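Residue numbers (UniProt numbering), protein chains in the order written: chain E, 1 to 181; chain W, 1 to 266. Heads up, the beta-carbon is just placed ideally off N, CA and C, and yes, glycines get one too. None of the values given here were measured: they were computed from a predicted structure.
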């Protein structure tokens, strides 16, 4: 196991990353669709790539730190939020729907059950925020992604402005859903 | 006479030293069993140039000659000194030292790259990927005898399309800031190489635009880009690789891929 210790507690993360990358079997040649028409330059390039992976694995070189040290930027954080909300919805919506299908009683009886628990209203509001935010954020950021698909709004200033706008609007609409509906 | 003496005596009074800490990633391949670690150096900013590269050179000259890093032009045009400073990828020769003496400046090599020594990453894969897109003019008029006889003319409008693309110095700051490139650096080309691929696709003098686009027709070369936009944020030359990739995706959607396949296999 390749171990690289940077300080307390980060050894496991780094070693896992190193282990994963050392197990990487790049199949560069066969994945591309036009292998039959490759030029000599491309052949040399792909040979160099294979030699790179062989050499670095053989020498057991460490991989420089990445997630641990890179600045969280608005660009990467919003993109992560988009992916996280997307996965959260893709998992929970079918799961809840399937569960409700299997369980006895209908949807309103479960709402009655939650009402009868007499939970702190703050907890209920927080839960509503957690449920409403993913759909609002993912939808509004989705429009930003559609604009990008048309190559609109790619310059850094617009990216940042639209990013702040999307986050603010998503929070606003979430609050609207929670308090007004 | 008196005021002049006062001025010179004031100038020679020693300023209090401004000590700044630099925490630098170190790893020596020649030491058996050595593990990567951080080493802290203290530099007096009063006797050091303003850029991080000045501090690194001062450390290497005066404190620790074993500190290893790439550098050449010291003016932000060669792309050698690209590294991760304070959490962002940039060129050390263009990155001003943060004056805040209370915080240490953290210096790491470019993220998710195999380390040769200290701050020097193995760039061979990056260069091989650049080679794979054939970054040179390709003409279809066949005969090699006539190369160099005539200029290839280009309108000012067509030349303007290359602005913001040709200035890339291939420092790899953008590609190594992309989480998608971290996870897929074997098959995904990365923003730097893709921007150069676009530079050749959009050059009016190049005849192989369709074939260049056809080369990208697979799941990984272009389409691992999820518009995270870390690349544009970190580019030390102020270029926009994210936009170039967006334009490639648009071109891929619009061009005639069957025709390009036939051309490529002809």
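8 Å Cβ cutoff, residue i in contact with chain E
i: residue 113 (chain W); result: yes
i: residue 79 (chain W); result: no
i: residue 229 (chain W); result: yes
i: residue 157 (chain W); result: no
i: residue 153 (chain W); result: no
i: residue 116 (chain W); result: yes
i: residue 132 (chain W); result: yes
i: residue 256 (chain W); result: no
i: residue 232 (chain W); result: yes
i: residue 27 (chain W); result: yes
Whole-number beta carbon distance between residue j and residue i, since they are thought to touch under 8 Å
i: residue 45 (chain W); j: residue 83 (chain W); result: Actually they do not touch by this definition, with Cβ atoms about 19 Å apart.
i: residue 147 (chain E); j: residue 247 (chain W); result: With a Cβ gap of about 14 Å, residue 147 (chain E) and residue 247 (chain W) do not count as contacting.
i: residue 243 (chain W); j: residue 155 (chain E); result: 7 Å
i: residue 61 (chain E); j: residue 127 (chain W); result: Between residue 127 (chain W) and residue 61 (chain E) the Cβ distance is about 17 Å, and since that is not below 8 Å, they are no contact.
i: residue 251 (chain W); j: residue 213 (chain W); result: 6 Å
i: residue 121 (chain W); j: residue 64 (chain E); result: 6 Å
Own chain partners of residue i with C-beta closer than 6 Å, once the 5 adjacent residues on each side are dropped
i: residue 79 (chain E); result: none
i: residue 152 (chain W); result: 205
i: residue 21 (chain W); result: 40, 42, 104
i: residue 170 (chain E); result: 136, 137, 140
Simplified DSSP assignment, three categories, for residue i
i: residue 67 (chain E); result: coil
i: residue 99 (chain E); result: helix
i: residue 140 (chain E); result: helix
i: residue 85 (chain W); result: strand
i: residue 153 (chain W); result: coil
i: residue 262 (chain W); result: helix
i: residue 222 (chain W); result: coil
i: residue 74 (chain W); result: coil
i: residue 136 (chain W); result: coil
i: residue 227 (chain W); result: coil
i: residue 58 (chain E); result: helix
i: residue 159 (chain W); result: helix
i: residue 247 (chain W); result: helix
i: residue 116 (chain W); result: strand
i: residue 69 (chain W); result: coil
i: residue 22 (chain W); result: strand
i: residue 107 (chain W); result: strand
i: residue 325 (chain W); result: There is simply no residue 325 (chain W) to check, as chain W begins at 1 and stops at 266 in what is shown.
Same chain, Cβ closer than 8 Å to residue i, five either side skipped, listed in chain order
i: residue 163 (chain E); result: 74, 75, 78, 144
i: residue 119 (chain E); result: none
i: residue 87 (chain W); result: 106
i: residue 32 (chain W); result: none
i: residue 111 (chain W); result: 84, 89, 176, 177, 182
Close-in-space but distant-in-sequence residues of the same chain around residue i (CB under 7 Å, 5 per side omitted)
i: residue 37 (chain W); result: 26
i: residue 74 (chain W); result: 53, 93
i: residue 88 (chain E); result: 134
i: residue 161 (chain W); result: 202
i: residue 154 (chain W); result: 204, 205
i: residue 135 (chain W); result: 196, 200
i: residue 172 (chain W); result: 82, 110, 123, 126, 192
i: residue 68 (chain W); result: 117, 118, 119, 120
i: residue 125 (chain E); result: 178
C-beta neighbour in chain W for residue i, strict 8 Å
i: residue 95 (chain E); result: no
i: residue 104 (chain E); result: no
i: residue 63 (chain E); result: yes
i: residue 118 (chain E); result: no
i: residue 54 (chain E); result: no
i: residue 154 (chain E); result: yes
i: residue 159 (chain E); result: yes
i: residue 49 (chain E); result: yes
i: residue 71 (chain E); result: yes
i: residue 46 (chain E); result: yes
i: residue 66 (chain E); result: yes
i: residue 182 (chain E); result: Limits of chain E in this structure are 1 at one end and 181 at the other, which puts residue 182 (chain E) out of reach.
i: residue 197 (chain E); result: Residue 197 (chain E) lies beyond the stretch modelled for chain E, which goes from 1 to 181, so this question has no answer here.
i: residue 132 (chain E); result: no
Contact test: residue i Cβ vs the ligand FAD heavy atom, cutoff 7 Å
i: residue 43 (chain W); result: In the structure on display, the ligand FAD does not appear, and there are no ligands present to speak of.
- Query: Does the segment 24-35 of chain W touch the segment 157-168 of chain E, meaning 3 or more C-beta pairs lie closer than 8 Å?
  - Reply: no
### Query
Does the segment 54-61 of chain W come close enough to the segment 133-148 of chain W to have 3 or more Cβ pairs within less than 8 Å?
Per the Cβ contact rule, the segment 54-61 of chain W is not in contact with the segment 133-148 of chain W (fewer than 3 Cβ pairs under 8 Å).
- prompt: Counting Cβ pairs, one atom from each stretch, are 3 or more of them under 8 Å apart for the segment 97-116 of chain E and the segment 48-64 of chain E?
  reply: no
- prompt: Below 8 Å, can you find three or more Cβ-Cβ pairs linking the segment 176-194 of chain W to the segment 224-241 of chain W?
  reply: Yes, the segment 176-194 of chain W is in contact with the segment 224-241 of chain W.
| task | Indicate whether the contact test is met: 3 or more Cβ pairs, each with one atom in the segment 95-111 of chain W and one in the segment 159-169 of chain W, closer than 8 Å. | result | no
Indicate whether the contact test is met: 3 or more Cβ pairs, each with one atom in the segment 103-114 of chain W and one in the segment 186-199 of chain W, closer than 8 Å.
no
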